[in-house]
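**Q** Sharing a structure here in structure tokens format.
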């Protein structure tokens, strides 16, 4: 039986928590059901002047603006916090009140995206920055603090602290993003529109659930084909056009390692839909930069009886969820 990606994230937090002896963290979250439940616990600010504050756990998930302070009660050698915002937001992170000993092996690193089970979101192919520029290392910075702004609605922070009473404060602030690209969805159902205005880049909308995706509108710069192809043996059609949408399925977060389910390289105003029975379902818009491309879609969680029991569409290695 496969374990869903959102459950992997939750189990990852718990497994490391067990090694770190964070019994309170597990106790607080044992009733949660994966990523979506963790995110639903996000507390909302009551007014524009209100600043939410709370302690930061060694393993944590943050989905709201605020100040989060970590103080080590004992050596904490493998800590991470995952931060997520709304699809139309990016994340500003700033460190302050840092008291760690870099020379003793302590570190704090901010990553532009998420790393889970060795895979990165967004993938190296889709992120606008090279991998080394996606890390902000406090110990390598010449400034007294470290700041970072994500390129998408997810970011994370890694840290290791040896000495008790050492720590830092992390300020999280959400900023509006007029052209969202590479989005991790907080919900298993909803709708979204991706627009790419004359930019050569790839944008993915990732849903960590098996879902049905319905494309309701697609406007592309070129029209090379008139057919939805659930079984693709070659890229000669859509990839050659330079502007297309593909649906991907897989059990990790790296889109470059996921399976192609279908692709479209023609504009449509009707309805095209596909059920993807994978831990992660992705709508990926590839743009040449020559046009304004736009794709609108809806998605909903598949019911248990809708999950595939065997490979569908004759696509080799197509993932199934049971």
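Numbering (my numbering), first residue to last: 177 to 498. The beta-carbon is built from N, C-alpha and C at its ideal position, and this holds for glycine as well. Being a predicted model, the structure only gives us computed values, none of them experimental.
Determine whether the beta carbon atoms of residue 346 and residue 473 lie at a separation below 8 Å.
**A** Stepping through the chain shown from its first residue, residue 346 is reached at position 170. Stepping through the chain shown from its first residue, residue 473 is reached at position 297. Against a cut-off of 8 Å, the Cβ pair of residue 473 and residue 346 comes out as no contact.
**Q** Whose CA, out of 329, 309 and 321, lies closest to the CA of residue 271?
**A** Looking up residue 271 in the chain shown gives position 95. Cα-wise, what sits closest to residue 271 is 321.
**Q** Would you call the stretch 328-345 and the stretch 429-449 in contact, with 3 or more CB pairs under 8 Å?
**A** Contact fails: fewer than three Cβ-Cβ distances are below 8 Å.
**Q** Per DSSP, which one or two residues make a beta bridge with residue 379?
**A** Here residue 379 refers to the residue found at position 203 of the chain shown. DSSP, once it has assigned bridges, lists 461 as partnering residue 379.
**Q** Would you tell me roughly how many angstroms separate the C-alpha atoms of residue 294 and residue 478, rounded to the nearest one?
**A** Translated into positions along the chain shown, residue 294 becomes position 118. Translated into positions along the chain shown, residue 478 becomes position 302. If I take the Cα positions, the gap works out to 27 Å.
**Q** For residue 252 and residue 280, I'd like the C-alpha separation in whole angstroms.
**A** The residue given as residue 252 occupies position 76 in the chain shown. The residue given as residue 280 occupies position 104 in the chain shown. Cα to Cα, the separation comes out at about 13 Å.
**Q** Is the number of C-beta pairs between the stretch 227-246 and the stretch 259-275 that are closer than 8 Å three or more?
**A** The answer is yes - the stretch 259-275 touches the stretch 227-246, with three or more Cβ pairs under 8 Å.
**Q** How big is the Cα-Cα spacing for residue 468 and residue 393?
**A** On the chain shown, residue 468 is found 292 positions in, with the first residue counted as 1. On the chain shown, residue 393 is found 217 positions in, with the first residue counted as 1. Approximately 14 Å, taken between the alpha carbons.
**Q** Return the Cβ separation of residue 359 and residue 263 in integer angstroms, given the expectation that the two are a contact with Cβ distance under 8 Å.
**A** In the chain shown, the residue the question calls residue 359 occupies position 183. In the chain shown, the residue the question calls residue 263 occupies position 87. With 8 Å as the limit, residue 359 and residue 263 qualify as a contact, their Cβ atoms being about 4 Å apart.
**Q** Let's test the definition: count the other Cβ atoms within 10 Å of the Cβ of residue 376 and tell me whether it reaches 16, buried, or not, exposed.
**A** For the purposes of this step, residue 376 is identified with residue 200 of the chain shown, where counting begins at 1. Answer is exposed; the Cβ neighbour count stays below 16.
**Q** Buried or exposed for residue 420, going by 16 or more other Cβ atoms inside 10 Å?
**A** Numbered from 1 along the chain shown, position 244 holds the residue referred to as residue 420. So residue 420 counts as buried.
**Q** Measuring alpha carbon to alpha carbon, tell me which residue in 383, 481 and 301 is nearest residue 368.
**A** The residue given as residue 368 occupies position 192 in the chain shown. Checked all of 383, 481 and 301; the closest Cα to residue 368 is 383.
**Q** Thinking C-beta only, is residue 331 closer than 8 Å to residue 389?
**A** Here the question's residue 389 lines up with position 213 in the chain shown. Here the question's residue 331 lines up with position 155 in the chain shown. No, Cβ-Cβ distance for residue 389 and residue 331 is not below 8 Å.
**Q** Kindly indicate which three-state DSSP category residue 262 falls into: helix, strand or coil?
**A** In the chain shown, counting from the first residue as 1, residue 262 sits at position 86. Three-state result, residue 262: coil.
**Q** Below 8 Å on the Cβ atoms is my contact criterion, and I expect residue 285 with residue 311 to pass it. Report the Cβ-Cβ distance as a whole number of Å.
**A** For the purposes of this step, residue 285 is taken as residue 109 along the chain shown, with counting starting at 1. For the purposes of this step, residue 311 is taken as residue 135 along the chain shown, with counting starting at 1. About 6 Å; that satisfies the 8 Å criterion.
**Q** Beta-carbon within less than 8 Å of residue 366's beta-carbon, same chain only, minus the 5 sequence neighbours each way: which residues are those?
**A** For the purposes of this step, residue 366 is taken as the residue at position 190 of the chain shown. So the qualifying residues of the chain are 474 and 475.
**Q** Please state the DSSP three-state secondary structure of residue 307.
**A** Against the chain shown, residue 307 aligns to sequence position 131. DSSP places residue 307 in helix when its eight states are reduced to three.
**Q** Once you ignore the five residues that flank residue 218 on each side, which residues in its own chain have a CB closer than 6 Å to its CB?
**A** Your numbering for residue 218 matches position 42 in the chain shown. Note that residue 218 scores a pLDDT of 49, beneath 50, so its modelled location is shaky and nothing firm can be said.
**Q** Pull up the DSSP beta-bridge partners for residue 395, would you.
**A** Within the chain shown, the letter at position 219 stands for residue 395. 470, per the DSSP bridge assignment.
**Q** Rounding to the nearest angstrom, what Cα-Cα distance links residue 470 and residue 315 in this structure?
**A** Your numbering for residue 470 matches position 294 in the chain shown. Your numbering for residue 315 matches position 139 in the chain shown. Approximately 42 Å between the Cα atoms of the pair.
**Q** Of all the options 427, 356 and 396, which has the alpha carbon lying nearest to the alpha carbon of residue 370?
**A** Within the chain shown, numbered from 1, the residue matching residue 370 stands at position 194. Among 427, 356 and 396, the Cα nearest to that of residue 370 belongs to 356.
**Q** If you run the structure through DSSP and keep just helix, strand and coil, what is residue 483?
**A** What you label residue 483 is simply residue 307 of the chain shown in a count that begins at 1. In the structure shown, residue 483 sits in coil (DSSP, three-state: anything other than H, G, I, E or B).
**Q** Could you tell me the alpha carbon to alpha carbon distance between residue 291 and residue 297, rounded to whole angstroms?
**A** For the purposes of this step, residue 291 is taken as the residue at position 115 of the chain shown. For the purposes of this step, residue 297 is taken as the residue at position 121 of the chain shown. Going by the C-alpha atoms only, they are around 7 Å apart.
**Q** Between residue 363 and residue 429, what straight-line distance do the alpha-carbon atoms span, to the nearest angstrom?
**A** Start at 1 with the first residue of the chain shown, and residue 363 comes out as number 187. Start at 1 with the first residue of the chain shown, and residue 429 comes out as number 253. Near 16 Å, if we compare the C-alpha coordinates of residue 429 and residue 363.
**Q** Cα-Cα, which of 378, 351, 427 and 395 is closest to residue 463?
**A** Here residue 463 refers to the residue found at position 287 of the chain shown. Among 378, 351, 427 and 395, the Cα nearest to that of residue 463 is on 378.
**Q** Could you check which residue in 444, 452, 439 and 417 has the C-alpha nearest to that of residue 427?
**A** What you label residue 427 is simply residue 251 of the chain shown in a count that begins at 1. Ranking the options by Cα distance to residue 427, first place goes to 452.
**Q** Quick one: using the 10 Å Cβ neighbour count with 16 as the cut-off for buried, is residue 386 buried or exposed?
**A** For this step, residue 386 is matched to residue 210 along the chain shown. Looking at its Cβ environment, which holds 16 or more other Cβ atoms inside 10 Å, residue 386 is buried.
**Q** Can you grab the Cα-Cα spacing for the pair residue 460 / residue 439, in whole Å?
**A** Here residue 460 is taken as the residue at index 284 of the chain shown, counted from 1. Here residue 439 is taken as the residue at index 263 of the chain shown, counted from 1. Cα to Cα, residue 460 sits roughly 9 Å from residue 439.
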